[in-house]
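Terminal number for the sequence shown in this note's numbering: 431, no gaps in between.
Ideal placement from N, C-alpha and C gives every residue a C-beta, glycine not left out.
Shown next, in C-alpha cells, is the structure this report addresses.
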Amino acid sequence: MSTSVLTVSQINGYLKSLLDGDPNLNPVYVSGEISNFTDHYRSGHLYFSLKDEKAVLKAVMFASSARRLRFRPADGMKVLCRGRISLYEASGQYQLYVEDMQPDGLGALNLAYEQLKSRLEKEGLFDAARKRPIPRYPRRIGVITSPTGAAVRDICQILGRRWPLAEIVFCPVLVQGEGAAPQLVDALARMNRIENVDTIIIGRGGGSLEELWAFNEEVVARAVAASQIPVISAVGHETDFTICDFVADLRAPTPSAAAELAVPDQAEEKLMVESAKYALKSDMESLLAQCRLELDSLTASRSLRQPLEPIVQKRNELSHLTRRLTAGVSLSVSREKEELSRLTGTLDGLSPLKVLNRGYALAQTETGKTIRSVSQIQKGKAFRLRFADGEARCIQAEKEEPHEP
C-alpha cells in the first residue's frame, strides 16, 4: 500500500468536502448560548460561539443573513440557529455558517421589540417632558395611513363630523410589509414640509404583531421623535402597543379615538359658546342694573337737582369774606392813620422850627454847621442866627465864657 504525502491545504480541502457533502450537516439546526459575540459594523458580519455545558462551536453569520434579523444578538442569549457545518480552510477550523437565527423560547419580533423599547427609553425618547400638547383648534390635520383600510374612512368621517373647519391633508402609505417603514418615514418628512399643518395622525387598524411591525421599526420611531409637528399615534386596537405609541406626543387606542383627540367637538364648542354668551349677557345685565342704580342715586342727589346752590353758597361765603376783609383793612388803615398822626405830632413837637417859633434862634456857621458852644465862635468871624421867620448874619464882637453854676 503506497503512502502519499498531502499538503495542509489538501487535507483541509478534503475535510471541507466531507463536511459539505454530509446531508446530516447541511442543513443543521443547533441550539446553544451565544458567547464571544463580535459585530463587525463595517462588514456587517457576526462572529460568535455557541456553547452548552460540555462544548463550544464556532459560528459566523454573514451580513446578507444578518440583515434579516429582527433582534440584536448578545452574549448569554439562548438561540436556535439554522445553517450548515463547513471548514474554514485557511485556519482548519470547522464552524457553523448561520443562515437564520431565532431566540430560543422567545420570538424574534418580541425580543426585537423589547430591545428597541429599552434602548429608546434610555435615550429619553419616551419622556413626558419632551411631548408637546396637541393644538386645541387645528387648521390642518395630516393623516398618514393606508388608502384602502377602514382607518382612513373612520378618521375622515369623525374629523368631518366633529370639526369640519379643519382641512385634512392625506398621505397614503403602506402600513405593513417590507416597504412600509421607509414610506412612513418619508410621509412624516413630507408632512413637516407642508405649511400650516398643526397635527399629524399616523397609524392603521388592528393586526398581528407581524402586521403592525412597521410601527416598531427604529427608523419610524426616530422620524416620529424628530417631527416638528405634534404626532398622534393610532396603531391597532386598544390593547396593541407599538414603539411608535411610546415616542409620539399622544397615543390613541384606535384610529377613531385619534380623530376624536385631534379636534374638539363642534357641538360641545357651540354649547360652550352659548353658555359663555348667556353668562356674558347675565353679567352685562347685572352691570347695567348696578349702573342704573348709581345713576338714579346721582340724579336724585341735591347737587344735580339744585346745581346753582353750591355756587350761591360759595358766592355768599365770598361776599362775607370780602366784607370781613374790607372791614379789617379799613380798621387797620384807621389805626395806622392814628399812629401816624401821633408820631407826626411827636415829631412836630421835636422840630427845631417849633422851638424857633417860641423865640429861640439857631446858630450856624457860614457852612451851615450847627454851633453848639460859644467856644465854636471866633472873634471877628461871621456866623448866622436862624430865626423862625428868617436869618441874620452876625460878627462876634466879644465872647463871654460860660460861668460855672
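query                                                                                                                      : result
Cα-Cα separation between D224 and S90, rounded to whole angstroms                                                          : 42 Å
Reference A81; option with closest CA among F88, G58 and M103                                                              : G58
For K42, three-class secondary structure by DSSP                                                                           : helix
Cβ neighbours of Y139 in the same chain (closer than 6 Å, five flanking residues each side left out)                       : N242
Beta-carbon contacts of S253 that lie in its chain and below 8 Å, excluding the five residues immediately before and after : L214, M217, N218 and I226
8 Å Cβ cutoff met for F63 and P99                                                                                          : yes
Extent of the continuous beta strand (DSSP E) run through D309                                                             : Segment Q292 to T325 is the alpha helix (DSSP H) holding D309; no beta strand (DSSP E) there.
Environment of T174 [buried if 16+ CB atoms lie within 10 Å]                                                               : exposed
Supposed close pair L46, S112 - CB separation, criterion 8 Å                                                               : Residue identity differs from the one stated: residue 46 is Asp in this sequence, not Leu. Sure, about 6 Å apart at Cβ, within 8 Å.
Any non-hydrogen atom of the ligand FMN within 7 Å of S367 CB                                                              : Annotation note on the ligand FMN: not contained in the displayed structure, which lists no ligands.
Distance between G39 and V250 (C-alpha atoms, nearest Å)                                                                   : 53 Å
Cβ neighbour criterion (16 or more within 10 Å) applied to G168                                                            : buried
Run of the beta strand (DSSP E) containing M217, from where it starts to where it stops                                    : Where M217 is concerned, there is no enclosing beta strand (DSSP E), although the alpha helix (DSSP H) it sits in stretches over A206 to R219.
Euclidean distance between Cα positions of L388 and E365                                                                   : 30 Å
Sequence-distant residues of its chain with Cβ nearer than 6 Å to V178 (five each side left out)                           : T171
Inter-stretch contact at 8 Å, needing at least 3 Cβ pairs: the region 103-118 / the region 201-215                         : no
Residue interval of the beta strand (DSSP E) (run including S259)                                                          : V257 to V261
Counted within 10 angstroms of its Cβ, other Cβ atoms place P431 as buried (16 or more) or exposed                         : Confidence at P431 is low in this model, with a pLDDT of 48, below 50, so the placement of that residue should be treated as unreliable; the coordinate-derived value is given next. Exposed is the call here.
Exposure label - S345; buried when at least 16 CB within 10 Å                                                              : exposed
Validate contact between the region 194-208 and the region 297-308 using beta carbons, cut 8 Å, 3 pairs                    : no
Spatial neighbours of W189 in its chain, beta-carbon cut-off 7 Å, leaving aside the 5 residues before and after            : V289, P290 and Q292
Inter-residue spacing [alpha-carbon to alpha-carbon] between L319 and L313                                                 : 10 Å
Beta-carbon proximity check, L122 vs A85, cutoff 8 Å                                                                       : yes
Start and end residues, alpha helix (DSSP H) containing D271                                                               : I269 to V273
Closest Cα partner of A247 within the set Q339, R230 and T268                                                              : T268
C-alpha distance - M27 paired with R96, whole-angstrom precision                                                           : The predicted position of M27 is uncertain, since its pLDDT is 47 and thus under 50; no value can be drawn from it.
Segments of 3+ residues assigned as beta strand (DSSP E) that fall wholly inside the region 53-114                         : 54-65, 72-77, 82-87 and 104-114
CA-to-CA distance, W239 to G109, given in whole angstroms                                                                  : 26 Å
DSSP state of D374 mapped onto helix, strand, coil                                                                         : helix
Terminal residues of the beta strand (DSSP E) in which D126 lies                                                           : Q119 to P129
Alpha helix (DSSP H) segments (min. 4 residues) lying fully within the region 143-189                                      : 176-188
For E193, the three-state DSSP class (helix, strand or coil)                                                               : strand
For P198, the nearest candidate out of E79, Q316, L297 and G229 (CA to CA)                                                 : G229
Cβ-Cβ distance between S61 and D101 below 8 Å                                                                              : yes
Continuous beta strand (DSSP E) stretch holding L287: start and end                                                        : No beta strand (DSSP E) holds L287; the alpha helix (DSSP H) holding it covers P281 to A288.
Of the listed residues S43, L373, G233 and A192, nearest to G203 (C-alpha basis)                                           : G233
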